[in-house]
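A quick write-up on the structure given underneath.
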Amino acid sequence: MLPARLGFLNLHGHDRGISNAPFFLDLLIGGFTLGAIYALISAGLNMQFGVTSILNVAHGEFLMLGAYVTYFLFVSFGVDPLISLVITGPLFFFLGTIVERVVLRRLFIRISTEEAVALSLLACFGLQFIFQNVGLILFGATEKGYLYATQMLDIGGANFPLNRIIVCVVSLIINLAIYVFLRFTQAGRAIRATAKEPIGAQLVGIRVFKVRMYAFGLGAMLSAWTGTLISMLYALTPFIGGSYTIIALTVIVLGGLGNFIGSIIGGIILGYVSYVTMRVAASSLVIVLFYAIFILILLVMPTGLSRRRRS
Amino acid sequence: MNAKMSYFALPAILVLILALVPLSLSDYYLALLITIICNTALALSWQFFSANTKYVALGSAAFFGLGAYTMAVFSESFPIVFVILMAGMLCFVFAWVVGLVTLRLRGIYFTIFTFGLSEFLANAILWWETTQVGTIGRIVLSMDTRLVYYYELIVFLIFLLILYFLRRSKLGLALKAIGESEDAAVHCGVNSTLYKTLGFAISSMFMAFFGAIFATRWIYVDPRIAFNPLYSFLPPIMTILGGLRASYGPILGAVILSSLTEFLIINFKEQYMVLLGVIVVVLIILLPNGIAGLIENLRKRSKK
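See the structure below:
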């Protein structure tokens, strides 16, 4: 049996719209853009893990599907990718809640939490297979992409493609919006309470299982939004999800599991690391460097950038 | 025949059958049997560490692939047995280092770390070969199917024997104790980091042995073929399907799932990965304790 090749192609496809900016400014802004994307995708995974303790290894597949939905909306109906955020968001929020409700919740009701965490991890592994290969059947293995906002923008005497700036700004806005949502709204408080103290949250009248479902849906939504943004910059294949999952996992380890601000800072740092590596060396070196950072974190500061230890 | 005799006779008969089947089987079924034995071995080695300690490892593909790639690189310059041993040693050292870095911490870091391990190795080797060596991928020394089968069978039997004793050794008990309650085990004087690392390294070493043997089935190997993430996914799934706790669980799961995969590949070439994923998800939901758990339940019910 030689299984069909699946997995992760190169990290970021082909870069569309090449900047002719001075090298240093290119690194500065390019790295920040990538960092903002990484922060966004990690925020989703972090929320899912923090609230439900499910390590969703299929996280990147929601990104891939979201990117394809955006691609088809743009190519077939001419929907502006920024407007399709309004479509992909609710769509994948719904998909995420269904996945939690139908597949993952049962595991946590029936058996001990420790075993349920392991089993849900493997169930997510199965979901990754399903999504990736459904993507392969529906969309084919050839690279797909479209051109959007590729005109050059003048920043400080250097030219940058507009789409990169748009992606950067939009992901920062979304990150800020999640922060405000978690910090200041009633629903956000319920999510934080469930993440911190599930039993205590239940005692004060929070419907924990409902919160878990919505948190998982929110994670899927953030992942799909990242996909929408990424589709403006890079060509798509059904295999892009896996490498983003690994990136998101590294980011949340760096930022501290369950720590939202930490994952934003971690995302920006790793964004710079991988952008500089891709520009200076080779893109296959990025994941090697990520692992080097990973090992360093585990050895030096096992709780990540955050100071307090979370249980 | 008394109970003690059947205890020895049954495995002996099974081994005899396995040793004689190549004489009558066609090449196709023999190839399937090679796959099944390989998957069984992977699942058993996964169970030895992860099911006992409850530290979920998702990096089987990394060790399997490292074994396969070692074989691909050295198959023409050294004798096969030597290369197999070398692959095992290499993986033992690599897994030891990985274990030392990650196993001192909570299980979730270990799981995250092993999840990307095969991707890390594939990329590292790709980078090394493109920039330093200049060639990617190797043609593997091709071997007769029957010869491969006997190599594999012998290694498999030795592996089973070692596993039998390891489970009853101090190491096996220590791993089980860590799985039950790590704090309690440490209090009893179990050096948990040492035993976890050792257990992980041994389990990875076995995966490399079978990766090295299985590579001779492939004609051409490059890092993307060797480090197929499918091999991270299959061993835990097979073990869960068969039964996490039962010693026969992985064997049952591997035989069933390997045959099922083969059936799906033949009948649903395009969709088989999707179907495999669906089957796995449904099985996890319906049978969280595996087939062994089902058998246990039936036995309890019939006693009542």
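Chains as they are written, first to last, in the numbering used here: chain A, 1 to 311; chain B, 1001 to 1304. Ideal Cβ placement from N, Cα and C applies to all residues, glycine included. These numbers were taken from a predicted model, which means no experiment stands behind them.
query, result
"Minimum length 4: unbroken alpha helix (DSSP H) runs contained in the stretch 56 to 130 of chain A", "59 to 77, 81 to 99, 105 to 110"
"Residues that B/T1111 contacts on chain A, provided the C-beta gap is smaller than 8 Å", "L55, L121"
"Any chain A beta carbon closer than 8 Å to B/T1102", "yes"
"The stretch 278 to 302 of chain A: positions lying closer than 7 Å to chain B by Cβ", "A282, S284, L285, I287, V288, Y291, F294, I295, L298, L299, P302"
"Spatial neighbours of A/C168 in its chain, beta-carbon cut-off 7 Å, leaving aside the 5 residues before and after", "F32, T33, A36"
"Cβ pair count under 8 Å reaching 3, the stretch 116 to 133 of chain A against the stretch 99 to 106 of chain A", "yes"
"Chain B within 8 Å of A/I137, Cβ atoms only", "yes"
"8 Å Cβ cutoff met for A/L153 and A/L162", "yes"
"Identity of the residue in B/R1301, B/S1060, B/L1100, B/M1089 nearest B/L1306 by Cα", "Any question about residue 1306 of chain B goes unanswered here, given that chain B covers just 1001 to 1304."
"As assigned by DSSP and simplified to three states, the class of B/F1078", "coil"
"Cβ-Cβ distance between A/F216 and A/G89 below 8 Å", "no"
"Pick from A/G30, A/L85, A/I29, A/V57 that is closest to A/S42, judged by C-alpha positions", "A/V57"
"Outcome for B/Q1132 when other beta-carbon atoms lying within 10 angstroms are tallied against a minimum of 16", "exposed"
"Reduced DSSP secondary structure (H/G/I, E/B, other) of B/M1143", "coil"
"Beta carbon of A/I252 nearer than 8 Å to that of B/G1277", "no"
"Nearest to A/S171 (by Cα), restricted to the options A/I199, A/T228, A/L257, A/T237", "A/T228"
"Assumed close pair B/V1083, B/F1074 - CB separation to whole angstroms, cut-off 8 Å", "5 Å"
"Contacting positions in the stretch 1266 to 1293 of chain B - beta carbon closer than 7 Å to chain A", "E1270, Q1271, M1273, V1274, L1276, G1277, V1278, V1280, V1281, I1284, I1285, P1288"
"Interface positions of the stretch 251 to 279 of chain A facing chain B (Cβ-Cβ less than 8 Å), listed along the chain", "V253, L257"
"Beta carbon proximity, A/G126 to chain B, threshold 8 Å", "yes"
"Unbroken alpha helix (DSSP H) run spanning B/I1213, endpoints", "1192 to 1215"
"Proximity winner among B/E1076, B/S1118, B/T1114, B/R1146, relative to B/S1024 (alpha-carbon distances)", "B/R1146"
"Closest Cα partner of A/I178 within the set A/H59, A/L63, A/S274, A/I261", "A/I261"
"Endpoints, the beta strand (DSSP E) within which A/M301 is located", "It is not in any beta strand (DSSP E) - A/M301 carries neither H nor E in the DSSP assignment."
"Opening and closing residue of the beta strand (DSSP E) in which B/I1136 lies", "It is not in any beta strand (DSSP E) - B/I1136 carries neither H nor E in the DSSP assignment."
"Cross-strand partners of B/V1221 (DSSP beta bridge)", "B/R1138"
"Status (buried if at least 16 other CB within 10 Å, exposed otherwise) for A/V99", "buried"
"is_contact[A/N46, chain C] using C-beta, thresh 8 Å", "In the structure shown, chain C does not exist; the protein chains are A and B."
"A/E114 at chain B interface by Cβ criterion, 8 Å", "yes"
"Sequence-distant residues of its chain with Cβ nearer than 7 Å to A/Y71 (five each side left out)", "K144, Y146, S231, L236"
"Chain-ordered chain A contacts of B/A1124 [CB-CB under 7 Å]", "V288"
"Beta carbon proximity, B/K1176 to chain A, threshold 8 Å", "no"
"8 Å Cβ cutoff, A/V51 in contact with chain B", "no"
"Chain A within 8 Å of B/I1240, Cβ atoms only", "yes"
"Close-in-space but distant-in-sequence residues of the same chain around A/M353 (CB under 7 Å, 5 per side omitted)", "Any answer about residue 353 of chain A is impossible in this case: the structure gives chain A only from 1 up to 311."
"Residues bridged to A/D154 (per DSSP)", "A/N159"
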